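Protein sequences appear in the order of chains A and B.
Per UniProt numbering, the very first residue in the first sequence carries number 1; after that it's consecutive.
Per UniProt numbering, the very first residue in the second sequence carries number 1; after that it's consecutive.
There are 2 protein chains.
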Amino acid sequence: MTQQEQPYVQPNATGQERVWDTRRQDKRSRLSRIGHLTDGKILASSDITDAITLLLRPGDRIVLEGDNQKQASFLSAALAKLDANVIHDLHLLISSITRPEHLQLFERGIARRVDFAFAGPQSLRLAQLLEDGMLEIGAIHTYVELYARMFIDLPPRVAFICADKADRHGNLYTGPNTEDTPTIVEATAFRDGIVLAQVNEIVDELPRVDIPGGWVDLIVESPQPYAVEPLFTRDPRHINELHILMGMMVIRGIYERYGITSLNHGIGFDTAAIELLLPTYGEELGLKGKICRNWALNPHPTLIPAIESGWVESVHCFGSEVGMEQYVAARPDIFFTGRDGSLRSNRVLCQLAGQYGIDLFIGSTLQMDPDANSSTVTHGRIAGFGGAPNMGHDPRGRRHASAAWLRLLRGEAEIQRGHKLVVQVAETFQRGGVPAFVEQLDAVEVGLTNHMPIAPVMIYGDDVTHVVTEEGIAYLYRAEGQEERRKALAAVAGVSPVGLRSQAADVARLRRLGIVAYPEDLGVSRLRAKRSMLAATSMSDLVRWSGDLYNPPTKFRSW
Amino acid sequence: MTQQEQPYVQPNATGQERVWDTRRQDKRSRLSRIGHLTDGKILASSDITDAITLLLRPGDRIVLEGDNQKQASFLSAALAKLDANVIHDLHLLISSITRPEHLQLFERGIARRVDFAFAGPQSLRLAQLLEDGMLEIGAIHTYVELYARMFIDLPPRVAFICADKADRHGNLYTGPNTEDTPTIVEATAFRDGIVLAQVNEIVDELPRVDIPGGWVDLIVESPQPYAVEPLFTRDPRHINELHILMGMMVIRGIYERYGITSLNHGIGFDTAAIELLLPTYGEELGLKGKICRNWALNPHPTLIPAIESGWVESVHCFGSEVGMEQYVAARPDIFFTGRDGSLRSNRVLCQLAGQYGIDLFIGSTLQMDPDANSSTVTHGRIAGFGGAPNMGHDPRGRRHASAAWLRLLRGEAEIQRGHKLVVQVAETFQRGGVPAFVEQLDAVEVGLTNHMPIAPVMIYGDDVTHVVTEEGIAYLYRAEGQEERRKALAAVAGVSPVGLRSQAADVARLRRLGIVAYPEDLGVSRLRAKRSMLAATSMSDLVRWSGDLYNPPTKFRSW
């Protein structure tokens, strides 16, 4: 080494010995504090409050399994009962704020800061707590962003998770609602965090292993099974003729036209209508095998008739759906199942598939502005984003081509790329006569009121390729320039404030150019948009289609 | 149900009983054909050819673990020796085509079609085979896109994977190079595919479980350990003064300016220079703790001095790096490690973190056009994309804000969003005097010659926010309109064809506006850009910094 190349700083010249395993030492010390409460990895449910109190320290960053569907409800209730004089100022990472006790943590001063992705049922109370200064929001994420940050700048100290069953070694069986568990556990366990799992049952032998026992530190048998809600069940009785009309237009004007084989559906009644139109209207159009073969989707009951009619090749799931367990287990060619026969879902991998592996996302929205920005946010609420934005955008990291993606080729001569189909469905008026098309999204004011850094837009207009209403389809990606885009959107916005700006001459021109299509332009007869077009019109129809394998939750049963 | 609401199609009225577990039956039948060769799940290595021949059928879609780093080399060699009269027309899914036998599969007619993500070392031969009609390309993906499609429309029938160790139950220990294995196995195992793992050793007890045994069908002890290459090791001896100058500009003009705390680095010598400047130049600027804290990055040896100097809070890894095993194991506060003490990497989760969880991606490029589109593709080669595009774009599915992301706020008054920093580094001329800035990317012609649907662009110009050369930094995101963007790029393109178009008056204006900055504008002295600024100038320096924990591969040792 020449003099000139001598290193600027002499390695190890400071004389200070840094300790490099503080997290591991901390974990060991916390676990040793509850040594008297554990039998191997097992905690008694009656000791849960004592154990959590000894495990935690004020200011800890913790992750609590509130997924989109399943909830570590025993552990969240226990957390909410801690003594705030002892455990306070926790930083909570949680996918979905759904249970009352999630917010009790803040009301009682046990937790102070939250990073989350969705807060549907608790969105009003969350906004109030924020206003009252009882809670700080780190950021509002999509599901995958929140997981991503657990591997970057938000490593959890303790993860409170849930699963169906555990054995004494801590191996976990999640059952069909695998959801977020593997990702949360990986982020925690491999950064020397502590993983505490509530399980419905501790058994000698598991039906299958979803999480290896070596990743899990503590298990507790919960007195009640973890909570889980049937969020993806849409009763066909509530599908109306407008949904059906829009569904027929989507099938003809989008799925058939672009040859959409891989896709994701939202959870609205309009997409449920599409699912129930495939075996009827789709069949009549000769589209079976040509569209809608591969899905990134939870096991929607309304997909049963399409599956039974041979439309569906595969469904990969974010989570499961209450009542669909037996049906899914009996259709392993379609669903991802384990050796035990039941579904294996995985939110992060399904979101990945939904972002990069499919050609079309379609979802309903409640509100859209003239630039096609949309949001489900309403005044006074902080609802979060969930998973839709992850699929409802054009993934610019995508490099592989597909036939449908190439149909939307854009760019200059030599440097072109395709575009994901991002379809937004909205009736021009919501229930109660509230227009869906508005000059400004409520989200703008919600953002300002709550001091958010930017307005909480769910799907950005510049990502949207198609907007479908009961009036017709706006093929926004075909419009040239912002002005033409706005006119195309106005042309399908009916008599809403945005739609009233539409001029007949513009509409005629846009229809000629194929930038707007009305039902008659697509060969869709409004008169045929009847409930008799649906492959099932009731929950009991779905049960029949399933060969009695589908077992709807009580609240969906009328018989 | 009223008459009108009678379902369109009567469920189960066809009288045909469909079988719904064909994949499961197929799996059972294939496994039973090799029953005489297995002892539980264990195959003898001497029987591998017979076993694979019996397991496979012509036309099967298979996934072979050729990751970015580790290779199922025993299994790939065995596949290449199959009798093409018996097994032919396989459809190969493979992340990285890196070994000669990967292409022998096509030369010998055993495989016919390939879906892949990267083909660096074999890119020339791949192009030739394509031209000769010996091979069909399904599509060229990024890593995560290829995994995504395994859950959608490309389910594998058999996965040929590799790991360090297995026990007799099939539980796998991957060691530090976990990489793609969990994702590939999940896609295969839960769709009733067969998972066959080569392992270096079958043992009674594993150091830790990375893949549960229930997901693995067959294991074979390989006569040689799987192959793995040190792809992320950059010898500091090859870092020159231009790299150092660019590194100093990046630290001042980007990292300091935007407060970049979470990031990913490419594998060029320029980013290695940045890593080695943090403990010296960065320290001098008082930036420790303010920038470069949380990384999505493989364990780069050149990051050792920054880690040892206390710059780094965390590193989450796609894979590992040969020689870094002991060092990583001794730094569990920084790296993600298991109970066995060694690294747990995970390519899909680190790509997720790199896409959604960090604020900056910086990578080197070999060629850039006037619109800042860039590519590492050169004539005659089909190199693929690997993982860079997944991080080197603005993720439009991102919804959470961070300070750095908000610094690049764009959009109209009410609907705004931030932007990821996507930084491209290029010397204006490559070795041999070839200009890096060109009128047209070679990728355009490569795309046309090979009948690709679109040109294989690595990073698209409209995603790029900053371009750094030895001349200065173009802050492209600040430019208004395409023309100004081009002028900004030309201003840093030196005497390349693109740079020669630059006008002095434009450059002066752009510098005034802060759209272009030269070293003096950033307070960076060209005279100080010397190798003595580096915290380490040789491999042995890195070893010393590591306290002898880093053990470089022989080819990097000169002592």
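Heads up, the beta-carbon is just placed ideally off N, CA and C, and yes, glycines get one too.
Computed from a predicted structure; not experimentally measured.
Per-residue burial, residue i [other beta carbons within 10 Å of its own, 16 or more giving buried]
{"i": "B/Val19", "result": "exposed"}
{"i": "B/Ala306", "result": "buried"}
{"i": "A/Val63", "result": "buried"}
{"i": "B/Ala111", "result": "buried"}
{"i": "B/Arg252", "result": "buried"}
{"i": "A/Thr376", "result": "buried"}
{"i": "B/Leu448", "result": "exposed"}
{"i": "B/Trp393", "result": "Sequence check: residue 393 of chain B is His here, not Trp. Buried, since its Cβ has 16 or more Cβ neighbours within 10 Å."}
{"i": "A/Ser76", "result": "buried"}
{"i": "A/His300", "result": "buried"}
{"i": "residue 609 of chain A", "result": "Outside the shown range of chain A, which is 1 to 559, sits residue 609 of chain A, and nothing can be said about it."}
{"i": "B/Ser96", "result": "buried"}
{"i": "A/Gln367", "result": "buried"}
{"i": "B/His466", "result": "buried"}
Residues of its chain near residue i, where Cβ-Cβ distance is below 7 Å and the 5 sequence neighbours each way are ignored
{"i": "B/Arg544", "result": "none"}
{"i": "A/Leu549", "result": "Gln326, Tyr327 and Ala330"}
{"i": "B/Val86", "result": "Thr53"}
{"i": "B/Asn551", "result": "Gly323 and Gln326"}
{"i": "B/Ala353", "result": "Ala296 and His316"}
{"i": "A/Arg23", "result": "Arg191 and Asp192"}
{"i": "B/Thr178", "result": "Asp210, Arg344, Ser345 and Asn346"}
{"i": "B/Gly15", "result": "The predicted model places B/Gly15 with a pLDDT of 49, which falls under 50 and marks its position as unreliable, so this point remains unresolved."}
Own chain partners of residue i with C-beta closer than 6 Å, once the 5 adjacent residues on each side are dropped
{"i": "B/Ile515", "result": "Tyr475, Arg478, Ala479 and Ala488"}
{"i": "B/Leu196", "result": "Phe160 and Leu218"}
{"i": "A/Gly259", "result": "Ala403 and Ala404"}
{"i": "B/Gln4", "result": "Only weak support exists for where B/Gln4 lies, its pLDDT of 46 falling under 50; the value from the coordinates is given anyway. Excluding positions up to five away in sequence, the list is empty."}
{"i": "B/Thr2", "result": "The predicted model places B/Thr2 with a pLDDT of 42, which falls under 50 and marks its position as unreliable; any figure quoted below should be read in that light. Answer for B/Thr2: no residue qualifies."}
{"i": "A/Val444", "result": "Ala455"}
{"i": "A/Gly494", "result": "Thr428 and Glu471"}
{"i": "B/Arg108", "result": "Ala84"}
Within 9 Å, strictly: CB atoms of residue i and residue j
{"i": "A/Phe160", "j": "A/Gln198", "result": "yes"}
{"i": "A/Arg399", "j": "B/His91", "result": "no"}
{"i": "A/Val322", "j": "A/Pro236", "result": "no"}
{"i": "B/Ser262", "j": "B/Trp311", "result": "no"}
{"i": "B/Ile358", "j": "B/Lys288", "result": "no"}
{"i": "A/Leu55", "j": "A/Ile194", "result": "yes"}
{"i": "B/Asp462", "j": "B/Asp371", "result": "yes"}
{"i": "residue 615 of chain A", "j": "B/Gln416", "result": "Because chain A spans 1 through 559 in this model, residue 615 of chain A falls outside it and cannot be assessed."}
{"i": "A/Gly214", "j": "B/Arg339", "result": "yes"}
{"i": "B/Val250", "j": "B/Lys70", "result": "no"}
{"i": "A/Val425", "j": "A/Gly363", "result": "yes"}
{"i": "B/Lys530", "j": "B/Ile244", "result": "yes"}
{"i": "B/Arg157", "j": "B/Asp26", "result": "yes"}
Where the beta strand (DSSP E) through residue i begins and ends
{"i": "A/Leu196", "result": "Ile194 to Ile202"}
{"i": "A/His265", "result": "Ser262 to His265"}
{"i": "A/Tyr226", "result": "Per DSSP, A/Tyr226 belongs to no beta strand (DSSP E) and is neither H nor E."}
{"i": "A/Leu93", "result": "Leu90 to Ser96"}
{"i": "B/Asp115", "result": "Ala111 to Phe118"}
Endpoints, alpha helix (DSSP H) assigned at residue i
{"i": "A/Glu308", "result": "Ile304 to Glu308"}
{"i": "A/His466", "result": "First-last for A/His466: His466 to Val468, but that is the beta strand (DSSP E), not the alpha helix (DSSP H)."}
{"i": "B/Ile362", "result": "That residue, B/Ile362, is in no alpha helix (DSSP H); its beta strand (DSSP E) goes Leu360 to Ser364."}
{"i": "A/Tyr147", "result": "Tyr143 to Met150"}
{"i": "A/Cys350", "result": "Arg347 to Leu352"}
For the stretch 426-446 of chain A, list every residue whose C-beta sits within 7 Å of some C-beta in chain B, in sequence order.
Gln440 and Val444
May I ask you to list, following chain order, the residues of the stretch 368-397 of chain A that have a beta carbon less than 8 Å from some beta carbon of chain B?
Asp369, Asp371, Asn373, Phe385, Pro389, Asn390, Met391, Gly392, His393, Asp394, Pro395, Arg396 and Gly397
Residues of the stretch 288-301 of chain A with a CB closer than 9 Å to any CB of chain B: list them in chain order, please.
Arg293, Asn294, Trp295 and Ala296
Any C-beta of chain B within less than 7 Å: which residues of the stretch 187-211 of chain A qualify?
Phe190, Arg191, Asp192, Arg208 and Val209
Residues within the stretch 125-159 of chain B neighbouring chain A, beta-carbon criterion of under 9 Å
Gly138, Ala139, Ile140, His141, Thr142, Val144, Glu145, Leu146, Tyr147, Ala148, Arg149, Met150, Phe151, Ile152, Asp153, Leu154 and Pro155
Can you list, in chain order, the residues of the stretch 344-359 of chain B whose Cβ is nearer than 9 Å to any Cβ on chain A?
Arg344, Asn346, Val348, Leu349, Cys350, Gln351, Leu352, Ala353, Gly354, Gln355, Tyr356, Gly357 and Ile358
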